[in-house]
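One structure is given below, encoded as structure tokens.
In our numbering, the protein residues as written are 131 to 763.
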């Protein structure tokens, strides 16, 4: 074992250069291995040699400027690698099988990013930004070396520049610099204001209470004529997007004996080394019952690791260990059961390792046909956590536990098999990972409009029309009540008393929670605390003043804010800085998206992929025919 302190090297010292030369073989091997891996990734994604040898065919054009298949392929590989890396980090033991199902979705994402890259490049050129080159990458590396504290950054850089693969390293830096230019430009042009910071603090940290009146119209079922008029006036309500019904089974991954033993050793090492611990106070009786022991260990001596439920609210089984700090005898209980015991406590959740995850994957793959062929799935080796049917529609949210790959499987018409692979769920409802098995039972991959007769016969027309008409009537009732309050200067309480209406009250809430609820319940069927308009009003409306009306499902509500505890701007920079950075991050994201929408709206984008595929297929067929022709043809 030896240690080299590079920052103490003197100018011209060959130590670092010699070290790099000694390791040149290792670097060369790494470069070759990386190159081979990239080739196999290309083969694995089915895109090797696509677009080569077909002349000047293009996959897209932006204001007449054509984008080549090679650019599209490079962007696809970038998107594919990014998705694969993310899935691997989440613990997925087999990302490739899910990515194969997601090919169409990845291609669409790659095409969109390709167009965005072209638009961003044009925008940067109009602003006069220089195109980054190797000289900019070299300057960046020099700056990083200087900032790291090296005494001779120029000498260090000269030695570094002679290492194998340095030119490839520069090109990677160039790509990184170029990728950072547009986001940096967007951030420089869009800085969050002080007013936005105040708004964010109010939205996230100012508790609000309110009360409200619900108006619900009683109405008769619509007539056939009204149903016909409603159908004719609302065609979008009877237009179905591509969709599928899938039957699914979710099988959980449980830790095995090796995972348990590994966690025991880890917790025991924490206790022996007296690492940072929780301090708990329990009675002797409760502590012995929790640890499953007959007596307490000697003060200062670790109890030994044992398995029990989490004391921190974590899901799954945990390994615990404690050390007694002090004992306070109970004056009322001579048995000692009520003595107060103070302990240092260590806890670690037992998580499944890669072997347990892989074994669960193998079992799930082997049993998927069997599990999906019965109404109540059963397995001797898998823990079945959930099963049922789900409706997956294009553009609509799916259950929170469903990964995006399941959506791709359900809506991809090119995926011939009715049963997909085992889809990995990193954490099922906050607990252990799981695998989702899915089978398509009914699918429609075209946007279709349901006929009047079909909608009428199925009851869909009556239900949809009645719900919409009732919502509109309820809103009209609430609007008239609101107008009467304003005209007569009545408070909501006085109006409710005069009309014998019941007033509901909300618990204290934060506006950000209401907005989050509105995302998953856009029609606010769960109540006023899921209405996005009410969330905005809750921040700005005067206290004890009627506001609304607000739609909540088939009803409507008028509300008034009872209290709003306004939080002052923090005076401590250590508190204020992270708050501002969070606001700026959200502001930058919104500004970036708005700028991209603006750039897209001002140009002509033509998707030429279908034309390219047809031309490429024609050329390949022609080449194949020529290769089979006789020699004297």
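C-beta atoms are modelled at their ideal positions from N, C-alpha and C, and glycine is treated no differently.
Residue 485 and residue 388 look like a contact to me (Cβ under 8 Å); what is the Cβ gap, rounded to whole Å? 7 Å
Cα-Cα separation, residue 219 to residue 752: 45 Å
Host alpha helix (DSSP H) of residue 598 (start-end): 590 to 618
Can you give the beta carbon distance from residue 680 to residue 663, rounded, assuming they're within the 8 Å contact cut? 6 Å
Pull up the distance between the alpha-carbon of residue 730 and that of residue 239, whole angstroms please. 15 Å
Which value, in whole angstroms, describes the spacing of the CA atoms of residue 278 and residue 690? 58 Å
Tell me which same chain residues have a C-beta within less than 7 Å of the C-beta of residue 474, skipping the five on either side of it? 407, 409, 452, 453, 455
Residue 293 by DSSP, collapsed to three states: which one? coil
Does the distance from the C-beta atom of residue 426 to that of residue 471 stay below 9 Å? yes
Residue 520 versus residue 536 - alpha carbon distance: 11 Å
Which word fits residue 571, buried or exposed, when buried means at least 16 other C-beta atoms lie within 10 angstroms of its C-beta? exposed
Terminal residues of the alpha helix (DSSP H) in which residue 569 lies: From DSSP, residue 569 is part of no alpha helix (DSSP H) but of the beta strand (DSSP E) over 564 to 574.
3-residue-minimum beta strand (DSSP E) runs that sit fully inside the segment 450 to 481, ordered along the chain: 470 to 479
Please return the same chain residues whose Cβ sits closer than 6 Å to the Cβ of residue 160, not counting the five positions on each side in sequence. Any reading at residue 160 needs caution, since the residue's pLDDT is 43, under 50, leaving its predicted position unreliable; the model's value is listed next. Hits under 6 Å: none found.
Can you give the Cα-Cα distance for residue 443 and residue 482, rounded to whole angstroms? 18 Å
Going by DSSP, name the residue or residues bridged to residue 438. 448
Runs of 4 residues minimum, wholly inside the segment 301 to 325: which ones carry the alpha helix (DSSP H) assignment? none
Could you have a look at residue 346 and say whether DSSP puts it in helix, strand or coil? coil
Please state whether the Cβ-Cβ distance between residue 565 and residue 381 is less than 9 Å. yes
Closer than 8 Å is the cut-off here; do at least three beta carbon pairs connect the segment 197 to 213 with the segment 228 to 242? yes
Jot down the residue ranges of each uninterrupted beta strand (DSSP E) in the segment 610 to 674, minimum 3 residues, whole runs only, in chain order. none
6 Å CB neighbourhood of residue 607 in its chain, flanking five on each side removed: 345, 347
Which residue from 635, 232, 719 puts its Cα closest to that of residue 314? 719
Relative to the alpha-carbon of residue 405, which residue among 478, 517, 371, 378 has its alpha-carbon at the smallest distance? 478
Burial state of residue 553, where buried means 16 or more other Cβ atoms lie within 10 Å: buried
Pairwise C-alpha distance: residue 437 and residue 423: 12 Å
From residue 441 to residue 413, what does the alpha carbon distance come to, in whole angstroms? 15 Å
Quick check: the Cα distance between residue 577 and residue 541, rounded to an integer number of angstroms? 12 Å
Once the 5 residues before and after residue 213 are set aside, which same chain residues still bring their CB inside 8 Å of it? 225, 229, 232, 236
Assign residue 581 to one of two classes, buried (16 or more other C-beta atoms within 10 Å of its C-beta) or exposed (fewer than that). exposed
Boundaries (first-last residue) of the beta strand (DSSP E) holding residue 516: 513 to 523
C-beta contact flag for residue 125 and residue 642 at 9 Å: Nothing can be reported for residue 125, as the shown portion of the chain is limited to 131 through 763.
Cβ contact check for the segment 612 to 619 and the segment 691 to 702: 3 or more pairs under 8 Å: no
Using the Cα positions of residue 503 and residue 573, report the straight-line distance between them to the nearest angstrom. 18 Å
Does the distance from the CB of residue 476 to the CB of residue 400 come in under 9 Å? yes
Counting only runs of 3+ residues fully inside the segment 372 to 436, write out the beta strand (DSSP E) ranges in chain order. 373 to 382, 408 to 413
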